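Working notes for the structure below.
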Amino acid sequence: TPYTKLYTWSYFIKGFHAIDAYGILSMEPVPDHNLLQNGTFAAPQRGRAFGPWFAGHEDVNSDRPRVALDQSLFIKDGQSIRLTNQDPENRLLITQYLDDKLKENTTYRISFMIRLENVQPSKAGGGVCINPVYSQNNWFPKNPYTGDMPWTRQGFTWTTGSRKEDRPNIATSSYIRLFILNATGTAWFDDVSITEVK
-14 TPYTKLYTWS YFIKGFHAID AYGILSMEPV PDHNLLQNGT FAAPQRGRAF GPWFAGHEDV
46 NSDRPRVALD QSLFIKDGQS IRLTNQDPEN RLLITQYLDD KLKENTTYRI SFMIRLENVQ
106 PSKAGGGVCI NPVYSQNNWF PKNPYTGDMP WTRQGFTWTT GSRKEDRPNI ATSSYIRLFI
166 LNATGTAWFD DVSITEVK
């Protein structure tokens, strides 16, 4: 194999949650099959854009933006994306469009690092979630994240449908959204990827 798996970088770890003490040492570049661009949020913010991710104008244009890069809490490349919602009536999201990347009737895996602080739902089904769309809306997890959570790796698989299906509300564009919905609190995302399951 082109890399050597190391279980730990340090003899001084106290548990498997010390994610900075584990990793892979690669002697050759590891191929990147991520269909997302800027999944580590390394690109600088330009207006409402974070590379190919887009937030609402009202969510970035203030002294206290609801969507912002965070250089103090991150996993990779020196910054993460932080979503902070104080109004339980407002949804908060960031979107990346994927029209040229996803295929119909294909299984994909979404993987991401997430951190939560005081996420309190205002109604049933409220919290933090991921919303990938090809021919229809998909919501992961089924019960959104709430409460407090340290940096944690999460992942889901889903299979795209077909846009040729005869049914109402069929989506005509593909995208992924990172959401705070019907909840207050703060969520951080980093190292987000979508890869085809083969």
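Per our numbering, the very first residue in the sequence shown carries number -14; after that it's consecutive.
Every residue gets a Cβ at the ideal spot worked out from N, C-alpha and C, and that includes glycine.
Since the structure is predicted, the reported quantities are computational estimates derived from the model, not experimental observations.
Residues near residue i in its chain [Cβ-Cβ closer than 7 Å; skip 5 each side]
i	result
Asp84	Ser158, Ser159
Lys108	Asn167
Lys183	none
Gly36	Gln22, Asn23, Ala28
Glu102	Asp133, Gly170, Thr171
First and last residue of the uninterrupted beta strand (DSSP E) at residue i
i	result
Glu102	92 to 106
Gly110	Note, Gly110: premise wrong, no beta strand (DSSP E); not H, not E.
Asn128	125 to 130
Thr171	168 to 181
First and last residue of the uninterrupted alpha helix (DSSP H) at residue i
i	result
Glu43	42 to 45
Residue i, buried or exposed, once every other Cβ within 10 Å from all chains shown has been counted against 16
i	result
Gln22	exposed
Asn122	exposed
Ser65	buried
Ser57	exposed
Asn189	Not covered by the structure: residue 189. The range shown for the chain is -14 to 183.
Arg67	buried
Thr169	buried
Thr25	buried
Closer than 7 Å: residue i CB and nearest the ligand ATP heavy atom
i	result
Ile161	Although the ligand ATP was asked about, the structure shown includes no ligands whatsoever.
Residues near residue i by beta carbon distance below 8 Å, same chain, minus five either side
i	result
Thr137	Met98, Ile99, Arg100
Cβ shell of residue i (< 6 Å), same chain only, five flanking positions each side left out
i	result
Trp38	Ile79, Gln81
Phe191	Residue coverage of the chain in this structure runs from -14 to 183, which leaves residue 191 outside it and unanswerable.
Lys86	Leu20
Under 8 Å, with one C-beta from each stretch per pair, do the segment 142 to 152 and the segment 46 to 57 reach the 3-pair mark? The answer is no - the segment 46 to 57 does not touch the segment 142 to 152, with fewer than three Cβ pairs under 8 Å.
Could I get the ranges of all uninterrupted alpha helix (DSSP H) runs contained in the segment 15 to 77, with 4 residues as the minimum, in chain order? The segment 15 to 77 contains these whole alpha helix (DSSP H) runs: 42 to 45.
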